[in-house]
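Peer 1: Chains as they are written, first to last, in the working numbering: chain A, 4 to 749; chain B, 17 to 168.
Glycine included, each C-beta is placed from N, C-alpha and C at the ideal position.
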Amino acid sequence: MGKAGKIARRTFLFGAVAVAGGVAFGVYKVRTPYENPLKDGLAEGASTFNPWVVIDGEKITLITPHGDKGQGVAHAQAALIAEELDVEFGQFAIDFGKPDKAYWNRALAGDGAPFMATDESFTAEATRSFMGGMIKLLGMQITGGSTAMPDSYDKLREAGAVARETLKLAASNVSGVPVAQLKTANGAVQLPDGTELAYTALAGEAAKVEPVTEISLRKPSEWRLIGKPMQRLDMVAKSTGTLGYGIDVDIDGMVHAAVMCNPRQGGALNGYDASAAEGMRGVQKVVEVSGGVAVVADNTWRAIQAVQAIDFDWAEAPYPAEQDGHWAAIEASFNDDQLDKEWRNEGDVTAAMAGGKAVEAAYRVPYVAHAPLEPLNATVLVEDDKVTVWTGHQIPRMLQDQVAKVTGHKSEQIELVNHFMGGSFGHRLEFKHVELAAEIANQMRGTPVKLTYSREEDFAHDFPRHIGMARGSGAVKDGKVTAIDLQVAMPSVVVSQMGRAGLSVPGPDMQIAAGAWNNPYGLENFRMRAYRVPELAPVSSWRSVGASAGGFFFDSLLDELIHEAGADPLQERIRLMQHGVSRKVLEAVGEMSNWGSPLGPNKGRGVAFVESFGVPTAEVIEVTNTEDGITIDKVWVAADVGTVIDPVNFENLVQGGVIFALGHAMNSEITYSDGMAEQANYWDAEGMRMAQCPEIMVRGLENGDKVRGIGEPPVPPAAPALANAIFAATGQRIRELPLYHHIDFA
Amino acid sequence: MQLIVDGKSHEVDVEEDMPLLWVLRDELGIKGVKYGCGVAACGACTVHIDGVAVRSCQTPIADVDGPVTTINGLGSPEAMHAVQEAWVEHQVAQCGYCQSGQIMQAASLLSEIKMPSDAEIDEAMSGNLCRCGTYPRIRAAVKTAAAKMQEA
Chain A
4 MGKAGKIARR TFLFGAVAVA GGVAFGVYKV RTPYENPLKD GLAEGASTFN PWVVIDGEKI
64 TLITPHGDKG QGVAHAQAAL IAEELDVEFG QFAIDFGKPD KAYWNRALAG DGAPFMATDE
124 SFTAEATRSF MGGMIKLLGM QITGGSTAMP DSYDKLREAG AVARETLKLA ASNVSGVPVA
184 QLKTANGAVQ LPDGTELAYT ALAGEAAKVE PVTEISLRKP SEWRLIGKPM QRLDMVAKST
244 GTLGYGIDVD IDGMVHAAVM CNPRQGGALN GYDASAAEGM RGVQKVVEVS GGVAVVADNT
304 WRAIQAVQAI DFDWAEAPYP AEQDGHWAAI EASFNDDQLD KEWRNEGDVT AAMAGGKAVE
364 AAYRVPYVAH APLEPLNATV LVEDDKVTVW TGHQIPRMLQ DQVAKVTGHK SEQIELVNHF
424 MGGSFGHRLE FKHVELAAEI ANQMRGTPVK LTYSREEDFA HDFPRHIGMA RGSGAVKDGK
484 VTAIDLQVAM PSVVVSQMGR AGLSVPGPDM QIAAGAWNNP YGLENFRMRA YRVPELAPVS
544 SWRSVGASAG GFFFDSLLDE LIHEAGADPL QERIRLMQHG VSRKVLEAVG EMSNWGSPLG
604 PNKGRGVAFV ESFGVPTAEV IEVTNTEDGI TIDKVWVAAD VGTVIDPVNF ENLVQGGVIF
664 ALGHAMNSEI TYSDGMAEQA NYWDAEGMRM AQCPEIMVRG LENGDKVRGI GEPPVPPAAP
724 ALANAIFAAT GQRIRELPLY HHIDFA
Chain B
17 MQLIVDGKSH EVDVEEDMPL LWVLRDELGI KGVKYGCGVA ACGACTVHID GVAVRSCQTP
77 IADVDGPVTT INGLGSPEAM HAVQEAWVEH QVAQCGYCQS GQIMQAASLL SEIKMPSDAE
137 IDEAMSGNLC RCGTYPRIRA AVKTAAAKMQ EA
């Protein structure tokens with residue numbers, strides 16, 4: 004048997020057990036494929052049970068390796084462990100831990116496999132399992148793709164249970180009381196006589212016993228934390244200005260750097276004159292870096308002022324200088340040679356449209372910046388045998404590799420101190436800013452260097468969401484939608500993004516088709532083809548990735564066809580929907596929004612449904628066409644994530660996702676002129692402000708049988724629901740984002 | 017130059033046009049005040065001068081003519097201001113990076129208008145950008161804080 008076959012066999016067995024483990028509550032054995040990294044340097048008398056729990060005589064520390072960009076996963080990971088470990092918030096510290104293979108993402112394969120989330124066939128599950136095995140072998144530690152909860156849900160509860168049972172065994176050894184008579188609560192083992200042995204007091208004894216592996220997880224009816232409203236552990240710090248982000252890092256002897264790289268991204272630096280900068284107050288050094296120049300000073304502002312005083316000669320961009328050239332490249336890609344994959348072809352769309360097309364339309368979405376509020380930054384100290392990086396990042400182990408390439412160290416010599424992130428939306432999956440900080444620090448070994456991007460540098464080098472176009476047509480008959488033929492053309496975000504990390508990604512890119520191909524409707528005639536556009540400007544994953552575009556394309560086209568059929572937008576979607584869990588989501592949003600009830604004058608209601616990251620999500624939006632422009636009045640959202648971990652945080656993330664999506668749908672894009680982004684700061688890509696913010700009602704459904712993440716799924720349906728509502732209110736069908744090119748917003 | 021920040025007096029030797037933001041962050045090490053845009057477009061850097069909200073990124077140090085209050089001086093984790101308590105009660109923050117500015121803006125609003133209307137809240141807060149989209153919770157928290165401060 005070949006190596007891949009062995010891997011497949013081994014991982015398939017693993018996968019079968021893992022699937023069973025997810026649904027069974029019986030006693031089973033927990034496997035530990037990698038050595039526990041917490042054993043390395045463990046203090047005398049301290050005990051670690053697995054890669055997530057370490058206890059010493061003074062404190063309990065829970066490792067929460069998924070990066071927290073604001074989505075609350077530090078809290079949620081801790082809650083999953085604490086649920087089984089029987090510790091309360093306030094009794095333990097958390098730590099993002101060191102990058103390690105042991106923290107490989109078990110859920111990444113779930114959505115990476117080219118199967119619909121609703122496909123639970125043997126082939127689909129076996130492929131996911133195989134891909135999961137490869138991800139395990141690579142030790143891919145990544146926060147992204149709304150996978151933190153699917154990845155953590157079983158394994159962190161298991162981690163808590165293993166630690167709890169091991170502590171009970173230690174307590175039994177100390178007290179002589181059989182394990183079966185011991186209970187746990189509040190960070191302590193309770194003996195039958197009421198005596199409490201604190202976990203911290205048992206740490207030394209627990210270190211002498213092998214961790215228990217036979218455990219059983221609690222039933223949902225026994226949960227004290229999961230599913231209940233929680234107070235996030237980062238909330239007080241974030242409300243008092245006391246939480247330290249990467250940008251707040253302060254190391255003894257640290258200097259401050261600012262950088263300007265060729266705003267024609269990827270273009271070379273032909274030359275520069277830094278004489279004006281060199282004489283400025285506080286400036287210590289001018290350093291050339293890849294594609295640009297950095298200034299090191301004693302203060303961030305002085306560094307930014309000085310770098311902006313440099314006279315640069317930039318080379319041309321490696322992509323079309325003007326935006327029109329980008330659109331032309333996309334228009335030219337709808338041809339057989341550039342067919343990336345035909346993702347769906349059911350029924351016979353040609354025959355169905357023989358009697359005439361009800362709609363034939365083109366749609367497009369722009370480049371958009373991530374622009375999280377904390378500008379990109381990284382602090383790096385390069386020493387001869389070690390490099391330390393302080394920043395907030397989503398792919399810790401790849402960050403080690405990228406920094407090692409810059410400094411010439413080995414990956415394992417790169418220490419990352421991961422931080423809470425001031426937003427990301429995919430921005431902190433990128434490495435360039437960390438590599439630049441490492442380049443500067445490598446030229447000043449022994450001195451910690453903090454690189455902070457100015458907001459303008461952040462916009463200029465955002466690696467925005469890809470642009471894309473769709474061509475769609477369809478047919479209707481007897482008041483029903485009978486056929487949809489959709490073609491989508493985009494550059495590959497995966498190829499662009501992974502290419503910057505030196506990785507090639509073969510095969511079709513599912514993100515070109517996401518949000519469109521995987522809709523769980525049961526259209527009798529449906530064809531979906533994806534076309535690969537050659538790389539244009541560098542692009543990166545943006546909250547909900549391909550589905551943010553594909554959802555707009557597919558649902559806008561469907562809405563037009565429903566209108567042509569003369570059907571009700573919600574009822575026809577429900578009629579077409581073949582997936583039970585998704586149908587319930589549509590029914591719920593209809594009930595919540597009182598769909599069909601009379602609206603006042605100049606008002607309109609739109610609905611959209613998109614499944615992304617395995618989460619069927621439906622949104623209804625109500626707008627008013629006022630004299631000052633469109634107002635977005637109310638939004639209703641229903642989404643099914645299988646299990647809601649924290650209903651308060653769930654509501655916050657859904658509302659936030661809707662606001663993020665609506666802001667971009669209204670007014671945000673990146674366009675290129677002379678090879679440079681024309682948008683330099685928030686004035687140019689504003690998003691939503693509070694006065695524009697609608698009321699947003701949220702319902703989390705739990706009919707799905709897998710746990711899913713909610714970070715991204717609220718985004719894709721918002722733009723089409725808004726465009727559909729504007730059509731209902733005004734009769735104007737807008738097929739391009741951002742919408743403000745075609746209509747005013749109040 | 018002399019500067020009073022969060023009740024403490026500081027002597028700073030910087031250029032007259034250095035924005036207050038960077039004096040606070042890099043010269044005095046007060047890191048609760050955040051840099052977001054540098055052009056008064058996002059409000060993350062909001063502090064009070066004489067109790068009134070200003071964008072510290074667009075306030076040259078030479079123009080600071082009164083005592084400065086930052087998020088770190090408004091309250092502490094052990095003794096939170098009513099606005100901060102309301103933020104925790106409503107679980108407002110996601111990434112939290114804008115919230116220092118949001119809270120300082122809200123505190124300034126409530127010292128000026130005791131019980132602001134929805135429109136007054138929207139107007140006062142619309143200069144503060146939240147990329148995570150926590151606006152519904154901010155609105156609710158401002159109302160809770162207003163009610164609490166009335167009782168006090």
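State buried or exposed for A:SER155, treating a residue as buried only when at least 16 other CB atoms are found within 10 Å of its CB.
Peer 2: Counting from one through the first sequence, the residue named residue 155 of chain A turns up at place 152. Buried, by the Cβ-count rule.
Peer 1: Where does A:TRP346 land, buried or exposed, given buried means 16+ other C-beta within 10 angstroms?
Peer 2: If you number the first sequence from 1, residue 346 of chain A lands on position 343. Burial call: buried.
Peer 1: Is there contact here, the region 301-311 of chain A with the region 283-293 of chain A, by at least three beta-carbon pairs under 8 Å?
Peer 2: Flag = yes, the region 301-311 of chain A and the region 283-293 of chain A touch.
Peer 1: Assuming A:ALA110 contacts A:THR150 (C-beta within less than 8 Å), just tell me the rounded distance between them.
Peer 2: Counting from 1 along the first sequence, the entry for residue 110 of chain A is found at position 107. Counting from 1 along the first sequence, the entry for residue 150 of chain A is found at position 147. Correct: roughly 4 Å between the Cβ atoms.
Peer 1: Along the chain, where does the alpha helix (DSSP H) that runs through A:THR410 open and close?
Peer 2: The count along the first sequence starts at 1 and reaches residue 410 of chain A at position 407. Taken as a continuous stretch (DSSP letters only), the alpha helix (DSSP H) holding A:THR410 covers 399-410.
Peer 1: Excluding the 5 residues preceding and the 5 following A:ALA332 in the sequence, name in chain order all residues of the same chain whose CB lies nearer than 8 Å to its CB.
Peer 2: Taking the first sequence and counting its residues from 1, one reaches residue 332 of chain A at position 329. Contacts found: PRO323, VAL536, PRO537, LEU539.
Peer 1: Are any of the Cβ atoms in chain A nearer than 8 Å to that of B:GLN115?
Peer 2: Against the second sequence, residue 115 of chain B aligns to sequence position 99. It does: the Cβ of B:GLN115 has a partner Cβ on chain A nearer than 8 Å.
Peer 1: Quick check on the DSSP output: what are the complete beta strand (DSSP E) runs of length 3 or more inside the region 157-228 of chain A, in order along the chain?
Peer 2: For the region 157-228 of chain A, whole beta strand (DSSP E) runs of length 3 or above, ordered along the chain, are 186-188, 191-193, 199-201.
Peer 1: With 8 Å as the threshold, decide whether the Cβ of B:SER124 is near any Cβ in chain A.
Peer 2: On the second sequence, residue 124 of chain B is found 108 positions in, with the first residue counted as 1. Not closer than 8 Å to any Cβ of chain A, the Cβ of B:SER124 fails to qualify, so no.
Peer 1: Can you list, in chain order, the residues of its chain with a C-beta nearer than 6 Å to that of A:PHE52? Leave out the 5 residues immediately preceding and following it.
Peer 2: Stepping through the first sequence from its first residue, residue 52 of chain A is reached at position 49. Cβ neighbours of A:PHE52 beyond the five flanking positions: VAL165, ALA166, THR169, PRO214.
Peer 1: From what residue to what residue does the alpha helix (DSSP H) around A:MET233 run?
Peer 2: On the first sequence, residue 233 of chain A is found 230 positions in, with the first residue counted as 1. Counting along the chain, A:MET233 falls outside any alpha helix (DSSP H), and DSSP gives it neither H nor E.
Peer 1: Should A:HIS422 be labelled buried (16 or more other beta-carbon atoms within 10 Å of its own) or exposed?
Peer 2: Taking the first residue of the first sequence as position 1, residue 422 of chain A is located at position 419. Buried.
Peer 1: Just checking, does the region 463-474 of chain A make contact with the region 490-504 of chain A on the three C-beta pairs under 8 Å criterion?
Peer 2: Judged by Cβ distances under 8 Å, the region 463-474 of chain A makes contact with the region 490-504 of chain A, as three or more pairs qualify.
Peer 1: Mind checking A:ARG278: buried by the 16 CB within 10 Å criterion, or exposed?
Peer 2: If you number the first sequence from 1, residue 278 of chain A lands on position 275. One detail in the question is off: residue 278 of chain A reads as Ser in this sequence, not Arg. Under this definition A:SER278 is an exposed residue.
Peer 1: DSSP puts A:PHE753 in a beta bridge; with which residues?
Peer 2: There is simply no residue 753 of chain A to check, as chain A begins at 4 and stops at 749 in what is shown.
Peer 1: Name, please, each residue of chain B whose Cβ falls closer than 9 Å to the Cβ of A:CYS264.
Peer 2: Indexing the first sequence from 1 puts residue 264 of chain A at position 261. The premise fails here: A:CYS264 is roughly 18 Å from chain B at the closest Cβ pair, so nothing lies under 9 Å.
Peer 1: Is the Cβ of A:VAL661 closer than 8 Å to any Cβ of chain B?
Peer 2: Translated into the one-based positions of the first sequence, residue 661 of chain A becomes position 658. Cβ-Cβ to chain B under 8 Å: yes for A:VAL661.
Peer 1: Would you list, in chain order, the members of the region 127-148 of chain B that have their beta-carbon closer than 7 Å to a beta-carbon of chain A?
Peer 2: Taking 7 Å as the Cβ-Cβ cut-off against chain A, the residues of the region 127-148 of chain B that qualify are ASP138, GLU139, MET141, SER142, LEU145, ARG147, CYS148.
Peer 1: Taking only beta carbons into account, state which residues of the region 41-64 of chain B come closer than 9 Å to chain A, listed in chain order.
Peer 2: Correct list: ARG41, ASP42, GLU43, GLY45, ILE46, LYS47, GLY48, VAL49, LYS50, TYR51, GLY52, CYS53, GLY54, VAL55, ALA57, CYS58, ALA60.
Peer 1: Quick one: grab the DSSP three-state call for A:MET669.
Peer 2: Along the first sequence, read from residue 1 onward, the residue named residue 669 of chain A stands at position 666. Of the three classes helix, strand and coil, the one that applies to A:MET669 here is helix, per DSSP.
Peer 1: Can you list the beta strand (DSSP E) stretches of 3 or more residues lying completely in the region 440-503 of chain A, in chain order?
Peer 2: If we require 3 residues or more, the beta strand (DSSP E) runs fully inside the region 440-503 of chain A come out as 452-455, 471-480, 483-494.
Peer 1: Rounded to whole angstroms, what's the CA-CA distance from A:PHE462 to A:GLY60? Just pull it up for me.
Peer 2: Walking along the first sequence from the start, residue 462 of chain A turns up at place 459. Walking along the first sequence from the start, residue 60 of chain A turns up at place 57. Their backbone Cα atoms lie some 48 Å apart in a straight line.
Peer 1: Taking the alpha-carbon of A:ALA381 as reference, which of A:LYS408, A:CYS696, A:GLY395 has the nearest alpha-carbon?
Peer 2: Within the first sequence, the letter at position 378 stands for residue 381 of chain A. Closest by alpha carbon: A:GLY395.
Peer 1: Roughly how many whole angstroms lie between the Cα atoms of A:LEU725 and A:VAL610?
Peer 2: Position 722 of the first sequence, counted from the start, is the residue given in the question as residue 725 of chain A. Position 607 of the first sequence, counted from the start, is the residue given in the question as residue 610 of chain A. Answer to the nearest angstrom: the Cα atoms are 8 Å apart.
Peer 1: Can you list the alpha helix (DSSP H) stretches of 4 or more residues lying completely in the region 48-119 of chain B, in chain order?
Peer 2: Counting only runs of 4 or more, we get 87-90, 98-105.
Peer 1: Output the distance between the C-alpha atoms of B:PRO152 and B:GLN166, rounded to the nearest integer angstrom.
Peer 2: Counting from 1 along the second sequence, the entry for residue 152 of chain B is found at position 136. Counting from 1 along the second sequence, the entry for residue 166 of chain B is found at position 150. Each residue's alpha carbon lies about 22 Å from the other.
Peer 1: Closer than 9 Å by beta-carbon distance: list the chain A residues that pair up with B:GLY67, in chain order.
Peer 2: Here residue 67 of chain B is taken as the residue at index 51 of the second sequence, counted from 1. Residues of chain A passing the Cβ test: none, with the nearest at roughly 17 Å.
Peer 1: Straight-line CA distance for A:GLU415 to B:HIS26?
Peer 2: Here residue 415 of chain A corresponds to residue number 412 of the first sequence, with the count starting at 1. Here residue 26 of chain B corresponds to residue number 10 of the second sequence, with the count starting at 1. Rounded to the nearest angstrom, the two C-alpha atoms are 43 Å apart.
Peer 1: Among A:GLY553, A:THR627, A:VAL542, which one has its Cα closest to the Cα of A:CYS365?
Peer 2: The residue labelled residue 365 of chain A in the question sits at position 362 within the first sequence. Before going on, a small fix: residue 365 of chain A reads as Ala here, not Cys. Cα-wise, what sits closest to A:ALA365 is A:GLY553.
Peer 1: Buried or exposed: B:ILE46, going by 16 or more other Cβ atoms within 10 Å of its Cβ?
Peer 2: Against the second sequence, residue 46 of chain B aligns to sequence position 30. The residue is buried, with at least 16 neighbouring Cβ atoms inside 10 Å.
Peer 1: Which residues in the same chain have their Cβ closer than 7 Å to the Cβ of A:PRO68, if we skip the five residues on either side of it in sequence?
Peer 2: In the first sequence, the residue the question calls residue 68 of chain A occupies position 65. Closer than 7 Å at Cβ, skipping near neighbours: PHE99, GLY100, TYR106, GLN144.
Peer 1: Near B:VAL108, what residues of its chain come up, given a Cβ to Cβ distance below 7 Å and the 5 sequence neighbours on each side ignored?
Peer 2: Indexing the second sequence from 1 puts residue 108 of chain B at position 92. For B:VAL108, where only same-chain residues beyond five positions count, the Cβ hits under 7 Å are GLN115, THR150, ARG153, ILE154, ALA157.
Peer 1: Tell me the rounded alpha-carbon separation between A:GLU460 and A:ALA683.
Peer 2: For the purposes of this step, residue 460 of chain A is identified with residue 457 of the first sequence, where counting begins at 1. For the purposes of this step, residue 683 of chain A is identified with residue 680 of the first sequence, where counting begins at 1. One C-alpha to the other measures close to 8 Å.
Peer 1: Assign A:SER551 to one of two classes, buried (16 or more other C-beta atoms within 10 Å of its C-beta) or exposed (fewer than that).
Peer 2: The count along the first sequence starts at 1 and reaches residue 551 of chain A at position 548. Burial call: buried.
Peer 1: Answer yes or no: do B:CYS61 and B:SER72 have a C-beta to C-beta separation smaller than 8 Å?
Peer 2: Here the question's residue 61 of chain B lines up with position 45 in the second sequence. Here the question's residue 72 of chain B lines up with position 56 in the second sequence. Yes, the Cβ-Cβ distance between B:CYS61 and B:SER72 is below 8 Å.
Peer 1: What are the complete beta strand (DSSP E) segments, minimum 3 residues, inside the region 283-342 of chain A?
Peer 2: Fully enclosed beta strand (DSSP E) runs of 3 or longer: 286-292, 295-300, 314-317.
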